[in-house]
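So the sequence shown is numbered by the numbering used here: it starts at 2 and just counts up by one. Where is the CB? At the ideal position from N, CA and C, for every residue including glycine. So the structure is just underneath, and the comments pick up after that.
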Amino acid sequence: MGSLEALETLNLSNNSFTGSIPVELGGLTNLKYLSLLGNRLNGGIPTELSQLKELTTLDLSRNNLSGPIAIFNAGLVNIDTLVLSDNSLTGGIPTDICVGNSNMKKLFLARNKLSGSIPPGLLKCSSLRQLDLSNNGLSGEMPSGLDNLWNLTDLQLNNNSFTGTLPPQIGNMSNLETLFVFHNCLTGGIPAEFGKLKRLSQLYLYENQMSGTIPRELMNCSSLTEIDFFGNHFSGSIPATIGRLKNLVVLQLRQNDFSGPIPPSLGYCKKLQSLALADNKLTGKIPPTFRYLTELSLVTLYNNSLEGPLPRSLFLLKNLSIINFSHNRLSGSIFPLLGSSLIKLDLTNNSFSGPIPIELTNSRNLIRLRLGHNRLDGYVPAKLGLLTKLNFLDLSFNYFNGEIPPDLSNCDQLEHLLLNNNNFTGVIPSWLGNLDGLGELDLSSNVFHSTIPRDLGNCSSLLKLSLHDNFLSGEIPLEFGNLTFLNVLNLMRNNLSGSIPSTIQQCEKLYELRLATNSLTGEIPPELGRLTELQVILDLSKNLLSGEIPSTLGNLIKLERLNLSFNNFQGEVPPSLGKLTSLHVLNLSNNVLQGQLPPKIITIPCHFLQGQQRPLRPAIASMRRIDRLNEKIAVAKCSYRDHSGHHLYFGSCMLCDALYHAQNMVQLA
Numbered sequence: 002m003g004s005l006e007a008l009e010t011l012n013l014s015n016n017s018f019t020g021s022i023p024v025e026l027g028g029l030t031n032l033k034y035l036s037l038l039g040n041r042l043n044g045g046i047p048t049e050l051s052q053l054k055e056l057t058t059l060d061l062s063r064n065n066l067s068g069p070i071a072i073f074n075a076g077l078v079n080i081d082t083l084v085l086s087d088n089s090l091t092g093g094i095p096t097d098i099c100v101g102n103s104n105m106k107k108l109f110l111a112r113n114k115l116s117g118s119i120p121p122g123l124l125k126c127s128s129l130r131q132l133d134l135s136n137n138g139l140s141g142e143m144p145s146g147l148d149n150l151w152n153l154t155d156l157q158l159n160n161n162s163f164t165g166t167l168p169p170q171i172g173n174m175s176n177l178e179t180l181f182v183f184h185n186c187l188t189g190g191i192p193a194e195f196g197k198l199k200r201l202s203q204l205y206l207y208e209n210q211m212s213g214t215i216p217r218e219l220m221n222c223s224s225l226t227e228i229d230f231f232g233n234h235f236s237g238s239i240p241a242t243i244g245r246l247k248n249l250v251v252l253q254l255r256q257n258d259f260s261g262p263i264p265p266s267l268g269y270c271k272k273l274q275s276l277a278l279a280d281n282k283l284t285g286k287i288p289p290t291f292r293y294l295t296e297l298s299l300v301t302l303y304n305n306s307l308e309g310p311l312p313r314s315l316f317l318l319k320n321l322s323i324i325n326f327s328h329n330r331l332s333g334s335i336f337p338l339l340g341s342s343l344i345k346l347d348l349t350n351n352s353f354s355g356p357i358p359i360e361l362t363n364s365r366n367l368i369r370l371r372l373g374h375n376r377l378d379g380y381v382p383a384k385l386g387l388l389t390k391l392n393f394l395d396l397s398f399n400y401f402n403g404e405i406p407p408d409l410s411n412c413d414q415l416e417h418l419l420l421n422n423n424n425f426t427g428v429i430p431s432w433l434g435n436l437d438g439l440g441e442l443d444l445s446s447n448v449f450h451s452t453i454p455r456d457l458g459n460c461s462s463l464l465k466l467s468l469h470d471n472f473l474s475g476e477i478p479l480e481f482g483n484l485t486f487l488n489v490l491n492l493m494r495n496n497l498s499g500s501i502p503s504t505i506q507q508c509e510k511l512y513e514l515r516l517a518t519n520s521l522t523g524e525i526p527p528e529l530g531r532l533t534e535l536q537v538i539l540d541l542s543k544n545l546l547s548g549e550i551p552s553t554l555g556n557l558i559k560l561e562r563l564n565l566s567f568n569n570f571q572g573e574v575p576p577s578l579g580k581l582t583s584l585h586v587l588n589l590s591n592n593v594l595q596g597q598l599p600p601k602i603i604t605i606p607c608h609f610l611q612g613q614q615r616p617l618r619p620a621i622a623s624m625r626r627i628d629r630l631n632e633k634i635a636v637a638k639c640s641y642r643d644h645s646g647h648h649l650y651f652g653s654c655m656l657c658d659a660l661y662h663a664q665n666m667v668q669l670a
């Protein structure tokens, strides 16, 4: 190919060529256009390409090229467009990149592994219109001479490690339309000089460490369509004159320290489609001028201190698809939304009251409805069953009553159903077992009087099941063994009876199992020792369980809390419990245990042990022996409490001076 001396255009892009770039290409001295983009080429960029003095466009992007950029040295004198993005090039940006060439208009070096700072030589490329150095490992401060690149319309320096402040001289780059410097380590404020950038359309400063207020001069940038300051430390008020930005489409100020009210003039940014003011310190009411934002699609105001009722006009905005006003102090009624575009509505953690408006069910595209932690009451509308696309329904921590409407069975795409902490009555419906995509079901803290439907064992995707604090009776279904993805099972404080089903051993991903305060009988199935992912707690306390503590519980080496108190366990504490090195709390109190306490258990930070005979003198002897070995015992507070027998309490701490057993005090040596 090197013999094709008359060749002016060579385009081999978007193929599957492999190997290195042929050095013979340097012999095509009349070549003006060379594109090898989108192949699988590797190795370095051959220096022979610098001989192509007629070349105006070189595109080697989207390959696997490596090594430094070494193709200049006064070569490529006519290059107009250089695209080397999406490779693995290393080293710094060549200092001679514009030597002998003032015609380069486009330079794209993004998504490589370049390092070092921006060289002074780059600032001599005065004809540059587009410069993309994003997604590299560049560092140092942004040079004050950036305004030498006065023709730039597009400057992308994002996703690097630049430090220092934004140079005020950028305000002199009068042609600038796009400025991306997000995801760096920049500090300081926004220079007031930026107000001179009349053509600036996109200003992305997010995920830096910048601070200060938004300069009022920035409101002079009348061409701005997108502002993104997310994840900085900006403070003060949102400028009252922000309504002057008539072309604004995106305003992202989330996760800063802005305070004060939302300026009413924001309602005059009538082209606004995305408004994110969440995670700030905003106060006051939502301005009624929001009714003018007819193009608004997304509005997130969560985690502020906004108060008062929602403006009725807000719910007339037919293009709204995502609303998140959670974690504020909003109150009043929830008004019906007339638009059908709504996809997500989150009003959790406010003080809304009254019923769920029946008109809400007209939003048939709704996939997420979160109304938890409010003061809503009444019955759940049966027409919620018309929202067949719902995958998240949260009505928790309200005052709803009545039964779960059977029409909800039509919402067969539900993945999260949270109805806990209400006043729901009746039975737990068996149709819940048809929701095979359900990952979280929380019906706890209600007034359900029924057995647990066996059909719940069909919810094969279930990760969390919470039915605690109800009036459920009957046995724990054997079918729960089918819930092989289950992480959390909480059935505490009900009236459950029967034995613990051994099929629970099949729930191998359980890390939290709470069955306390029921009327369970029989022995602990030794198969529970196979639940080796148990970590948070195993709580079987306050039941009628009996027999010996199975030694297999010693296999639960990740377990942090084990509570078997207030049962009828007897026999010795199995030595295997000494293997539970992650254990923080062990409560075996109020049982009929006897024999010697395994020495290793004494090093557990918190113990509650109780016997009903005079069983633990050998354990005290073991503790004395440990003390003689000068080992620290994790016991600080030791007391006797005569409650249905003899009580030993070991608190969290250093060595005890005395332990009380029955009515005798045994001194440690």
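- The closest CA to that of F326, considering only G333, I344 and T301, is found on T301.
- Put simply, of E573, N591, L554 and S474 the residue whose alpha carbon is nearest the alpha carbon of T582 is L554.
- A distance below 7 Å separates the beta carbons of V78 and N102.
- For H417, the uninterrupted beta strand (DSSP E) run begins and ends at H417 to L419, by DSSP.
- Residues of the same chain with a CB within less than 6 Å of the CB of N447, apart from the 5 flanking positions on each side, are N423, F425 and N471 in chain order.
- When C-beta atoms of the region 332-351 are compared with those of the region 280-290, fewer than three pairs fall below 8 Å, so the two segments do not count as touching.
- With a cutoff of 7 Å on beta-carbon distance, F235 and N257 are scored as near each other.
- For the options L594, G261, S212 and I525, the alpha carbon positioned closest to that of I505 is the one of I525.
- Of the residues assessed, E208 falls on the buried side of the cut-off, its CB having 16 or more other CB atoms within 10 angstroms.
- Nearest to I429 by C-alpha distance, out of T242, S175 and D456, is D456.
- Our two residues, E178 and S36, have alpha carbons roughly 27 Å apart in a direct line.
- Each residue's CA atom was taken as its position, placing L516 and L225 some 58 Å apart.
- Nearest Cα to E296 within the set G268, S116 and L377: G268.
- Within the same chain, Cβ atoms closer than 8 Å to the Cβ of T188 are found at T164, G165, T166, N209, Q210, M211 and S212, the five residues on either side in sequence being excluded.
- Here the alpha carbon of N149 sits roughly 7 Å from the alpha carbon of K125.
- R371 has D347 and D395 as its beta-bridge partners, per DSSP.
- Relative to L598, the option among N591, N12, V586 and G572 whose CA is nearest is G572.
- Closest option to K33, judged by alpha-carbon separation, among N173, G44, P265 and A7: A7.
- In the three-state DSSP reduction, S275 falls in the strand class (E or B).
- Annotation: the continuous beta strand (DSSP E) that includes I323 extends over I323 to N325.
- As DSSP reads the structure, S89 sits in a beta bridge with S67.
- About 7 Å separates the CB atoms of L439 and L418; that is less than 8 Å, so the two are in contact.
- Around the beta carbon of P23, fewer than 16 other beta carbons lie within 10 angstroms, which makes this residue exposed.
- The closest CA to that of N152, considering only K107, T389 and V537, is found on K107.
- Counting of Cβ neighbours within 10 angstroms places P407 among the exposed residues, the total staying below 16.
- Boundaries of the beta strand (DSSP E) harbouring H234: H234 to G237, taken from the DSSP string.
- Judged by DSSP in its simplified three-state form, L484 adopts coil rather than helix or strand.
- Burial of I98 is indicated by the presence of at least 16 other C-beta atoms within 10 angstroms of its C-beta.
- Assigned with DSSP and collapsed to three states, E441 falls in strand.
- Non-local beta-carbon contacts of F259 in its own chain, meaning distances under 8 Å to residues more than five positions away in sequence, involve F235, S236, G237, S238, I239, L278, N281, K282 and L283 in chain order.
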